[in-house]
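Following: one structure in structure tokens, then a few remarks.
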Amino acid sequence: CGLTVVVQPEERIPSHLTTQLPGGLLVMARDEDGWCVAMDGARMNCGIYDSRPSVCRRFAMGGPYCEAVREEYAQERARQIELVLKGA
469 CGLTVVVQPE ERIPSHLTTQ LPGGLLVMAR DEDGWCVAMD GARMNCGIYD
519 SRPSVCRRFA MGGPYCEAVR EEYAQERARQ IELVLKGA
């Protein structure tokens with residue numbers, strides 16, 4: 469997940485997985501690639517699935533918003549791929 473995930477005060481997310489924004493909002497931290505730090509990159513799933521934040525619980529995998537985020541990500545990745553022509 470590359471979305472900003474707000475953590476509610478009543479949620480018990482380990483502090484090493486969160487960060488506080490300048491305005492005081494507590495969010496899930498991101499790794500150097502911009503992914504949620506709870507994301508298990510090898511399995512491409514949430515490493516804290518059973519205790520994930522409520523906003524993650526409401527996110528419908530495969531739903532319209534999910535598909536829109538995936539499409540946006542795919543377009544961004546396509547723009548980053550460098551085309552190299554040989555023999556020109």
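Just so we're aligned, residue 469 is where the sequence shown starts under this note's numbering, counting upward by one. Even for Gly, the Cβ is constructed at its ideal location relative to N, Cα and C.
Quick check on residue 536: buried or exposed, where buried means 16 or more other Cβ atoms within 10 Å of its Cβ? As a working mapping, residue 536 is identified with position 68 in the sequence shown. Counting Cβ neighbours within 10 Å, residue 536 comes out exposed, since fewer than 16 surround it.
Please check the pair residue 474 and residue 486, which I expect to be a contact at CB under 8 angstroms, by giving their CB distance rounded to whole angstroms. The sequence position of residue 474 within the sequence shown is 6, counting from 1. The sequence position of residue 486 within the sequence shown is 18, counting from 1. Incorrect: roughly 10 angstroms between the Cβ atoms, too far for contact.
Taking only the alpha-carbon atoms, compute the straight-line gap between residue 478 and residue 554 and give it to the nearest angstrom. As a working mapping, residue 478 is identified with position 10 in the sequence shown. As a working mapping, residue 554 is identified with position 86 in the sequence shown. Residue 478 and residue 554: Cα-Cα distance of roughly 57 angstroms.
List the whole-angstrom C-beta distance separating residue 511 from residue 504, where the pair is believed to meet the contact cut-off of C-beta under 8 angstroms. Along the sequence shown, read from residue 1 onward, the residue named residue 511 stands at position 43. Along the sequence shown, read from residue 1 onward, the residue named residue 504 stands at position 36. The Cβ separation is near 14 angstroms, so there is no contact.
Residue(s) in a DSSP beta bridge with residue 487: Stepping through the sequence shown from its first residue, residue 487 is reached at position 19. Answer is 495, bridged to residue 487.
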